[in-house]
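Numbering (the numbering used here) for the sequence shown: 122 to 298. Think of the CB as a built atom: it goes at the ideal place given N, C-alpha and C, for glycine as much as any other residue. Have a look at the structure below, then the notes.
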Amino acid sequence: MAHKPTIYKVELQLVDMNRDIYTSCKLTIAQHPSETQERMMIRLMVFGLNYHEDLQFSRGLSATDEPDVWECGLDGQINHWIEVGQATPERIRKAVSRSPKVSLYAFGRESDVWWARAQDAFKDLPRVDVWQFNAEQSAKLPDLVGRTVSITMTITDNEIFLNRDDLQLTLGFKQLL
């Protein structure tokens with residue numbers, strides 16, 4: 122019998138000082154059985170960093186031909202393809218052929234090694250931004266997880282400040298490409 126995803130309900134209060142966005146979103150996030158809570162929370166961070174009214178979570182790990190998060194227009198065209206993790210240059214090359222804008226967000230302790238090996242292949246790809254989250258800080262993201270939670274996410278410069286009840290975390294990120 123196949124395992125089913127775990128469903129989480131998140132009320133996200135988003136304050137993006139970099140883009141002057143102040144909004145509240147009620148989100149449903151499905152955690153794939155093979156997905157860690159850290160990765161699921163990174164998807165939530167990526168949603169906030171790229172917030173747009175048409176942005177949505179895709180089927181993610183359940184669909185190999187879709188990104189983790191995407192912005193699709195009314196015509197079904199993918200306007201922004203957003204990957205989480207250590208994607209291969211081949212996968213990102215395919216994404217570039219399907220979307221005018223592609224972003225990749227790496228995280229975890231191995232992301233430095235991955236980037237050292239992959240960066241030359243990514244430099245030749247047009248319209249691709251590559252970002253990296255602070256590994257030590259992202260490892261604490263599962264502390265925020267709850268089946269139904271309200272999280273305040275404040276983005277300023279290259280830091281995300283997160284509040285859930287009496288728990289506060291900071292998550293740094295930087296652009297690699």
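Go through its chain and collect everything with a Cβ distance to residue 242's Cβ below 7 Å, but skip five positions before and after it. Numbered from 1 along the sequence shown, position 121 holds the residue referred to as residue 242. Cβ neighbours of residue 242 beyond the five flanking positions: 210.
Quick check: the Cα distance between residue 127 and residue 180, rounded to an integer number of angstroms? Indexing the sequence shown from 1 puts residue 127 at position 6. Indexing the sequence shown from 1 puts residue 180 at position 59. Distance between the alpha carbons of residue 127 and residue 180: 13 Å.
Residue of 153, 148, 155 minimising C-alpha distance to residue 166:
Indexing the sequence shown from 1 puts residue 166 at position 45. For the set 153, 148, 155, the Cα lying nearest the Cα of residue 166 is the one of 148.
From the DSSP secondary-structure annotation, give me the bridge partner or partners of residue 93.
Nothing can be reported for residue 93: it is not among the residues displayed for the chain, which extend from 122 to 298.
Just to confirm the assignment, what range does the beta strand (DSSP E) spanning residue 130 have? For this step, residue 130 is matched to residue 9 along the sequence shown. Residues 127 to 137.
I'd like to check one pair, residue 250 with residue 298: are the Cβ atoms closer than 8 Å?
Counting from 1 along the sequence shown, the entry for residue 298 is found at position 177. Counting from 1 along the sequence shown, the entry for residue 250 is found at position 129. Taking a C-beta distance under 8 Å as the contact criterion, residue 298 and residue 250 qualify as a contact pair.
Helix, strand or coil for residue 147 per DSSP?
On the sequence shown, position 26 is the one that residue 147 refers to. When DSSP states are grouped into helix, strand and coil, residue 147 belongs to the strand group.
_Across the segment 217 to 228 and the segment 250 to 262, are there enough close Cβ pairs to call them in contact, namely three or more that are closer than 8 Å?_
Because the criterion of three Cβ pairs below 8 Å is met, the segment 217 to 228 and the segment 250 to 262 touch.
Discussion item. Taking the beta carbon of residue 138 as the centre, do at least 16 other beta carbons fall within 10 Å, making it buried, or is it exposed?
Written reply: Looking up residue 138 in the sequence shown gives position 17. It counts as exposed.
*Are residue 204 and residue 188 closer than 8 Å when you measure CB to CB?*
By 1-based counting over the sequence shown, the position of residue 204 is 83. By 1-based counting over the sequence shown, the position of residue 188 is 67. It is a contact, given that the beta carbons lie within the stated cut-off.
Would the beta-carbon of residue 134 fall within 8 Å of that of residue 291? Start at 1 with the first residue of the sequence shown, and residue 134 comes out as number 13. Start at 1 with the first residue of the sequence shown, and residue 291 comes out as number 170. Not a contact, by the Cβ cut-off of 8 Å.
Practice problem: Give the secondary structure of residue 259 by DSSP, where H, G and I count as helix, E and B as strand, and everything else as coil. | Solution: Here residue 259 refers to the residue found at position 138 of the sequence shown. Residue 259 falls in the helix class under three-state DSSP.
Exercise. Nearest-angstrom Cα distance between residue 143 and residue 136?
Worked result: Taking the first residue of the sequence shown as position 1, residue 143 is located at position 22. Taking the first residue of the sequence shown as position 1, residue 136 is located at position 15. Roughly 5 Å separates the two Cα atoms.
Between the Cα of residue 261 and those of 131, 152, 124, 157, spot the shortest distance and give me the residue it belongs to.
Translated into the one-based positions of the sequence shown, residue 261 becomes position 140. Among 131, 152, 124, 157, the Cα nearest to that of residue 261 belongs to 157.
*Which residue from 125, 141, 146, 124 puts its Cα closest to that of residue 270?*
Taking the sequence shown and counting its residues from 1, the one referred to as residue 270 is at position 149. Cα-wise, what sits closest to residue 270 is 146.
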